[in-house]
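>
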Amino acid sequence: MIKEKLDKILLKVQKPSRYIGGEVNSVIKDKSKVDIRYAFCFPDTYDIGMSHLGMKILYSLKNSKPNYWCERVFMPLPDMEEAMRENDIPLYGLESLDPIKDFDFIGFTLQYELCYTNILSMLDLAGLSVYSKDRKDLFPIVMGGGPCVCNAEPIADFFDLFVLGEGEEVNLELMELALTFKKNGGTKQEFLEKAAQIEGVYVPSLYDVSYNDDGTVSAITPKCGAPAKVKKRIIADFDSVYSPDSFVVPFTQIVHDRSVVEVLRGCIRGCRFCQAGFIYRPFREKSKKTIVEQVKNLTESTGYDEVSLCSLSTSDYSDIEGLLCDITDYTDAKGVNLSLPSLRIDNFSDEVVKKIKSVRQSGLTFAPEAGSQRLRDVINKNITEEDIMKSCKIAFEGGYSSVKLYFMLGLPTETLDDIAAIKTLADKIIDLYYTIERRSKRGISISISLSTFIPKPFTPFEFEPQATKEQIDERQKYLLDIVRSKGGKRIDVSWSHYETTILEAVFARGDRRVSAVIYDAWKNGCKLDGWNEYFKPEIWDQAFINTGIDKAFYANRTRSYDETAPWDHMDMLFTKDFLISENKKAHEEKTTAHCREKCAGCGINKCLGKACFKYGE
Amino acid sequence: MENNTTAIRIFFSKTGRAKYISALDLINCFQRALRRTDIPVWHTQGFNPHTYVNINLPLSLGTEGIRESMDIKLTSEMSYSDVMDKLNAVLPPDIRVTEVARPVKKHTEIEKSVYEISIKCNMQKLKAFLDLSAIEVEKKTKRGISTVDLKPHITTENITDDGFVLYLPSGCDFTINPSLLFEAYEKYSGEEIERIDVVRSKILCKDGSEFM
C-alpha cells in the first residue's frame, strides 16, 4: 500500500533512497512475533539524523529484544512532504513502511531547540493530533529524550512523557510497562501515572505550573503521586553499557559517513557556557580494550573505511596516547582512516603526533570561544594562547596552512577590548606561521567563525541575559572593521544569524506558555528552522505578536538566583548552589580547576556513591 | 601494479527498494560490502587508494535490473561460489549476486538494453503513440540539450494489455533512458501513467549476443 504509493512519488523527489529503507543492517522483523513497536523519530532530515550516535545505540538496543521492533523515522524535506500529502501517505517507519500512528511508541530525540516545529510537522504528517491532551488513546505514546529534556517546558504540551538523562535502561523499562498494559488493559492516564514512578520519567501533564504577576514561574506542583523532582538517569557501569556491533549503513551520503565509537561520557572541563559539559556529568570512560573491540566490530560490520572517536573531549581520556596507539595498530593494518574531531594535540609526544598525522585530517580547528585571556577565565575555557600556539606550531610543521577559530559573541562581561583580542590572536598565529621554516608553500588562511552566546539551563550562565541584536551587530561590525583595516586578506570572518539564535534562546529557557508560539509559527508554515533556506523569520515574528509572548522576557533578561526556573523540577544530580557559585566566580574572573585536578563540588559524586576520580594517588 | 590479479565479473539483481540507489551510491555500496568480507580484492594504487569496482553499464534510478554486472579484481585465488556466498551474506536484501564468472565480453561491446515493462495506462493510446512515425524528445547531453527522434532507436515486442518488451540503445556511444520514452508518452497523451515498473532483463552486445 504505502510501498506502491511511494513508487509513484519517489522518482520525483531528491535523493529517494533516504525515504525507502532497505539499507544494510537495518532490522526487519516478523510483525506477528513482535509485541511492541517503536518509531524512533529524529526531527530533522535523514542525512543529519543518520549521523547521530544516540539513535544508533537506542535503535540497536531495542531491536536486541526479539519481541520489540524499533524503526527509524526522519523529517522529510519539503518536496517529499508535499508529495506525501498529495498522495495521502502518512509518516511511516523506514523498515516496515507501515504508518507510525499504529505503533505503540513514537519517540523523538531532542538534540537542539530549532527542531521543535519539525516535531509538530511529523506528528501531523503521521495523522496524529499535535497536543497530548487531544490524543485520547493510550497508544501511540509520544515521548521525547535527549539534552533538550532538561528544559522541555516549551514543548511539554505536545508530549505524553519525557525521559531525562541516559536512555539505555529507562527506554526498555517503559516498553516493559507498555507490554503489561497491552496484556492487562488500562487508560492513558493510568499508564502515565505508573510511568511517572520510573526514575528519569517526566510526565508533564502531572505537574501544574503557576505564575507570578511579573510573568516568572511561581510554583511547579506535582499531582497524582508524581515526584516533586524528576531525577536524571545515568548508567553507572559505563564500560559495560550497551553498545551496538553494527550500524545501519546508508546508501546515500550523510553528514558523518563513518563508524563512530563513544570513548567517554561527561566532561571534566566545566566551561561555564556549555550545557553538555554539565548535563552529561559524571565523567565516565570506557576501557581501552572495550573501545578497540568496538572499533573492530563496527569496521567489520559496516565496511566503512573511516572510524571516528566521539566524546565531548577525547583528549581528556586518561590514557589517550595508549588508546591511539592501540587503535592505529588496527586501523593502519586495515587501511581504515581514524578521524579525531576536537582533539588537543599540544600535550602529545612526537611519536603520537606522527601517528595522528598519518590519519587523514581535514584541518586545524580551535575553539578559544573568547579572544582575551580575561574573558576565557570568565567562561572557564581552559585553553591558553600558549596552548594554541604550541598546537599550531606542530601542525604548521606538519604542512597545515589553514586554521579555523571558533568564537562566541555576547558572552557575559564582554567588552570591545575582548573583541579586539580576537584579531590580535589571529595576527599572532599568522606571525607564527611565517617563522616556521618547514611551513607549506601556501600562504596561511585563517577563518574566524562567530556564533552568538546562548544562555542555557543547567549552566552557571543560566541566569545571564543574551546580548541584544544591537549589541551583537555592534560587536560584529567592530571586529569586521579591524580585520578589514589590516590583514583582511588572510582572515575570513563568518557569523550566525541572530534571528535563529534568539529563537534558540527563548526555547532553551522558556516555560510552558512558549508552546503557543511554536504552535502558531508551525501552523503558519514554519519548519526546518535550522536550515537557512527554509527559515521564515517574518512568520516567527508574527507568531510572537499573535500570541503576545515577549522574546526579550525569555532571552534578554537577567534572572535572579532565587527565581523559580521553569526547569526547577528537573534534577540533573548536581546542585543549583554549585551553578550559583560558578556564576559568582565568573563575575570575579576566577577559574575553576578541571575535575581530574580537583573536585569542584558540583554534587554529582553522590549519585556514584564515591568520588569521580581517585585524588592524591 | 596489476600483476597477479584476476578480473572477475559479478552478475547481480537490483530490485525492490534497491532501485532507488543511484549509480554512484551503488559503487559505494559494493565497496563497503567488499570490505565487510575477506574477499582478496584489488585496490587502486596511488595517493588515495580505494577498492576497485567497475559497473559495466549503470542502471538508471528507479529501474530494476535482474542481470546487472560489475567487475572486480582478485589479488589471490578464491572460488567463484565463495565470492558469491560471501557477498550475498553482506549485501542489502534487495541486491543479490546471481552468478560470478570470468569476463567474456568487454563493456565497450555493449550496445542495447532489454527492458520488461509492466504498465497501467490507456493501452490504446500507448499503442498509437508507439506507432507514431516520429517520437521527438529533448535529450540532455554533455553538450547541452538536443532534440532526438526516439523512433528509429526503439524496438518493441510482445505488446499485451499490461506491458511489453522494449529494446533501447545503451553503452559508451549512445544511451536512451527508458524514462525519456514514458515522459514523451505522458506529454503525448496528456495523461499520467498510473503505474509502471521497468526491469532491465538483459544487456546485449554489438554482435547480438548477451553480455557475458
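So the sequence lines, in the order shown, correspond to chains A and B.
What the first sequence shows, in the working numbering, is residues 2 to 618, in sequence order.
What the second sequence shows, in the working numbering, is residues 23 to 234, in sequence order.
Where a beta carbon is used, it is the ideal one built from N, C-alpha and C, also for glycine.
Any beta carbon of chain A sitting closer than 8 angstroms to that of B/M23?
A caution first: B/M23 carries a pLDDT of 47, below 50, which makes its placement in the model unreliable, though a value can still be read off. Answer no: the Cβ-Cβ gap between B/M23 and chain A never drops below 8 angstroms.
> Starting from the beta carbon of A/L92, find every residue of chain B whose beta carbon is closer than 7 angstroms, and list them in chain order.
By Cβ distance, chain B contributes nothing, its closest Cβ being about 18 angstroms from A/L92, past 7 angstroms.
> If you check the beta carbons only, do B/N110 and B/V122 fall under 8 angstroms apart?
Their beta carbons are not under 8 angstroms apart, which means B/N110 does not touch B/V122 by this criterion.
> Give, in chain order, every unbroken run of the alpha helix (DSSP H) that is at least 4 residues long and sits entirely within the segment 484-558 of chain A.
Qualifying alpha helix (DSSP H) stretches, in chain order: 499-509, 516-524, 538-548 and 552-556.
> Going by the beta-carbon positions, is the gap between A/S627 and A/R270 smaller than 8 angstroms?
Because residue 627 of chain A is not part of the residues shown, which for chain A are 2 to 618, the question remains open.
> Of all the CB atoms in chain A, is at least one closer than 8 angstroms to the CB of B/Y42?
With 8 angstroms as the cut-off, B/Y42 counts as an interface residue toward chain A.
> Sort out for me which residues DSSP pairs A/R38 with in a bridge.
The partner list for A/R38 (beta bridge, DSSP) reads A/W70.
> What residue range does the beta strand (DSSP E) around B/P191 cover?
It spans G185 to P191 - the beta strand (DSSP E) in which B/P191 sits, taken as one unbroken run.
> Would you say A/L410 and A/A468 are within 8 angstroms of each other, going by their C-beta atoms?
Their beta carbons are under 8 angstroms apart, which means A/L410 touches A/A468 by this criterion.
> Please identify, using Cβ separations under 8 angstroms, the residues of the segment 305-339 of chain A that lie next to chain B, in order along the chain.
Hits within the stretch, in order: Y305, D306 and G336.
> Cβ of A/N213 within 7 angstroms of any heavy atom in the ligand SAH?
This structure lacks the ligand SAH; in fact it carries no ligand of any kind.
> Of the residues that make up the segment 380-400 of chain A, which ones have a beta carbon closer than 8 angstroms to any beta carbon in chain B?
Cβ contacts with chain B come from no residue of the segment 380-400 of chain A.
> Between the segment 38-58 of chain B and the segment 590-598 of chain A, do three or more beta carbon pairs fall short of 8 angstroms?
No contact exists between the segment 38-58 of chain B and the segment 590-598 of chain A.
> Taking the DSSP output, what are the residues bridged to B/R118?
Per DSSP, B/S35.
> Do you know offhand how far B/D47's Cα is from A/T416's?
Their backbone Cα atoms lie some 50 angstroms apart in a straight line.
> What does B/R57 reach in chain A if we use C-beta pairs closer than 7 angstroms?
Ordered by position in chain A, the residues that pass the 7 angstroms Cβ test against B/R57 are G304 and D306.
> According to DSSP, is B/S155 helix, strand or coil?
Three-state result, B/S155: coil.
> Tell me the residue span of the beta strand (DSSP E) that contains A/E263.
Element bounds for A/E263: S260 to E263.
> Which residues in the same chain as B/L83 place their Cβ atom closer than 7 angstroms to its Cβ, once the five residues preceding and following it in sequence are excluded?
Same-chain partners within the cutoff: Y42 and S44.
> Give the list of continuous alpha helix (DSSP H) stretches no shorter than 4 residues that lie fully inside the segment 269-353 of chain A.
Runs found: 276-280, 289-303 and 321-335.
> Comparing C-alpha positions only, which one of A/S450, A/R439, A/E438 and A/Y60 sits nearest to A/A427?
Checked all of A/S450, A/R439, A/E438 and A/Y60; the closest Cα to A/A427 is A/S450.
> Between the C-alpha atoms of A/L165 and A/A179, what's the straight-line distance to the nearest angstrom?
Computed Cα separation, rounded: 18 angstroms.
> Please list the partners that A/I21 has in chain B, where partner means a Cβ-to-Cβ separation under 7 angstroms.
The contacting residues are R39 and Y42.
> If you measure beta-carbon to beta-carbon, which residues of the segment 17-45 of chain A are closer than 7 angstroms to chain B?
Of all residues in the segment 17-45 of chain A, P17, S18, I21, G22, G23, E24 and V25 have a Cβ within less than 7 angstroms of some Cβ in chain B.
> Which residues in the same chain have their Cβ closer than 7 angstroms to the Cβ of B/E160, if we skip the five residues on either side of it in sequence?
Taken in chain order, the residues that qualify are I167 and T169.
> Looking at C-alpha atoms only, which residue of A/Y20, A/G146, A/C116 and A/N64 is the closest neighbour of A/P91?
Among A/Y20, A/G146, A/C116 and A/N64, the Cα nearest to that of A/P91 belongs to A/Y20.
> Evaluate A/D419 with the Cβ neighbour count: other Cβ atoms within 10 Å of its Cβ, from every protein chain shown; 16 or more gives buried, anything less gives exposed.
Flag for A/D419 reads buried.
> Let me check understanding here. Comparing Cα to Cα, which of A/T303, A/E471, A/C71 and A/L299 lies closest to A/S97?
Ranking A/T303, A/E471, A/C71 and A/L299 by Cα distance to A/S97 puts A/C71 first.
> Answer with yes or no whether the minimum CB distance from B/C51 to chain A is below 8 angstroms.
Yes, contact with chain A.
> Judging by CA-CA distance, which residue of A/G399, A/I519, A/D578 and A/E583 is the nearest neighbour of A/E550?
With the sequence shown as reference, residue 550 of chain A is identified as Ile, and Glu is not the correct amino acid for it. Closest by alpha carbon: A/I519.
> Report the three-state DSSP secondary structure of B/G87 (helix, strand or coil).
It is a strand residue.
> Tell me, please, whether the CB atom of B/G84 is closer than 8 angstroms to any CB atom in chain A?
It does: the Cβ of B/G84 has a partner Cβ on chain A nearer than 8 angstroms.
> Rounded to a whole number of angstroms, what is the C-alpha to C-alpha distance between B/M23 and A/V296?
Since pLDDT at B/M23 reaches only 47, below the 50 mark, its modelled position is unreliable, and the value read off the structure follows with that caveat. Looking at the two C-alpha atoms, the distance is approximately 31 angstroms.
> Just confirm the distance between the C-beta atoms of A/I423 and A/F408, as a whole number of angstroms; I'd bet it's less than 8 angstroms.
About 6 angstroms separates the two Cβ atoms, so the contact holds.
> Output yes if chain A places a C-beta closer than 8 angstroms to the C-beta of B/D116; else output no.
Yes - at least one Cβ of chain A is within 8 angstroms of the one on B/D116.
> Per DSSP, which residues does A/F408 bridge with? Please list them.
Paired residues: A/E370 and A/L451.
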